[in-house]
Amino acid sequence: DAGITQSPRHKVTETGTPVTLRCHQTENHRYMYWYRQDPGHGLRLIHYSYGVKDTDKGEVSDGYSVSRSKTEDFLLTLESATSSQTSVYFCAISDSGRDQETQYFGPGTRLLVL
Amino acid sequence: AQSVSQHNHHVILSEAASLELGCNYSYGGTVNLFWYVQYPGQHLQLLLKYFSGDPLVKGIKGFEAEFIKSKFSFNLRKPSVQWSDTAEYFCAVTPTGGGADGLTFGKGTHLIIQP
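Quick note, the sequences are listed as chains A and B, same order. Heads up: the first sequence begins at 578 in our numbering, then just goes up one per residue. Heads up: the second sequence begins at 3 in our numbering, then just goes up one per residue.
Structure below.
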């Protein structure tokens, strides 16, 4: 398995509170991604990063922000959590070069917004 | 933008049955194609991928998939399933050379294998 950890693994929070999820990799891969997984929707891309301080929006970026100050860490922040953001959040990484489109996934963070 | 359609949301099979899960994509250019599996309570694991070359690709755990360009399809197959294949299966696509800007996933197929 790729060296990807996510923290926390489970979180319960209240509507309106800020929440930050962390993804940490030990593979020194250039690209990092945040997805959310919801029943009936599969996985949808929230934000991604193609290098330190280089990020871009995905399909469902509204209400989320990201930061990447180091190669190994990619943070996802919910500025003011809403119940619609209750989901399972997966981080993924991929390397440069020929195989860069192959993504490897972390264990996920289960978030419940009450 | 690309999209992915998985035909069956739920499939129930008996052990030793043959499996075929459908996947079709929509995109005007060349693509890379993937199948991922998610066992209950676990993260996604790569089953197999197609970038170019032989359209029949073999993956882990006895799975294979065939890319049929004319049909925009990438169906997953296994000749004889086992109870341990119970999981959710996702087809995904990304444009070739897309600069690693993210995968587009289908909605998944929940496979249940009955002993």
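Beta carbons: idealized from backbone N, C-alpha and C, even for Gly.
Query: Outcome for G99(B) when other beta-carbon atoms lying within 10 angstroms are tallied against a minimum of 16; Result: exposed
Query: Candidates P97(B), A94(B), D87(B), F92(B): closest to I14(B) by CA position; Result: D87(B)
Query: CB of R586(A) within 7 Å of CB of T686(A), strictly; Result: yes
Query: Member of V690(A), G683(A), I670(A), L691(A) whose CA lies at the smallest distance from the CA of Y625(A); Result: I670(A)
Query: Inter-residue spacing [alpha-carbon to alpha-carbon] between C25(B) and N10(B); Result: 9 Å
Query: Assigned exposure category for Q614(A) - 16 Cβ within 10 Å defines buried; Result: buried
Query: Under 9 Å from the C-beta of N34(B): neighbouring residues of chain A; Result: E678, T679
Query: Nearest candidate by alpha-carbon position, reference Q84(B), set P42(B), S5(B), F53(B), I114(B); Result: I114(B)
Query: Given K647(A) as reference, the closest of S638(A), S657(A), G628(A) once Cα atoms are compared; Result: G628(A)
Query: Entirely enclosed beta strand (DSSP E) segments - the stretch 29-116 of chain B, minimum 3 residues; Result: 33-40, 46-52, 58-60, 66-70, 75-80, 89-97, 111-116
Query: Residue from K63(B), L48(B), K109(B) with nearest C-alpha to V39(B); Result: L48(B)
Query: Range of the contiguous beta strand (DSSP E) that encloses K588(A); Result: 587-590
Query: Contact with chain A by L118(B), beta-carbon distance below 7 Å; Result: Residue 118(B) is absent from the structure shown; chain B starts at 3 and stops at 117.
Query: Of the listed residues E656(A), D633(A), T663(A), A658(A), nearest to R645(A) (C-alpha basis); Result: D633(A)
Query: DSSP bridge partner residues for D633(A) (one or two, in chain order); Result: Y625(A)
Query: Identified DSSP bridge partners for N605(A); Result: DSSP, once it has assigned bridges, lists no residue as partnering N605(A).
Query: C-alpha gap between V121(B) and G64(B), whole angstroms; Result: One cannot answer for residue 121(B) here, as it falls past the ends of chain B, which runs 3 to 117.
Query: Buried or exposed (CB count within 10 angstroms, at least 16 for buried), Q116(B); Result: exposed
Query: Selection from V637(A), C668(A), S660(A), F682(A) that minimises the alpha carbon distance to V690(A); Result: S660(A)
Query: 7 Å Cβ cutoff, F682(A) in contact with chain B; Result: yes
Query: Buried or exposed (CB count within 10 angstroms, at least 16 for buried), Q602(A); Result: buried
Query: DSSP state of Q8(B) mapped onto helix, strand, coil; Result: strand
Query: D650(A), enclosing beta strand (DSSP E) - first and last residue; Result: 650-655
Query: Stretch-stretch touch, CB-based, cutoff 8 Å, three pairs: the stretch 64-78 of chain B with the stretch 41-56 of chain B; Result: yes
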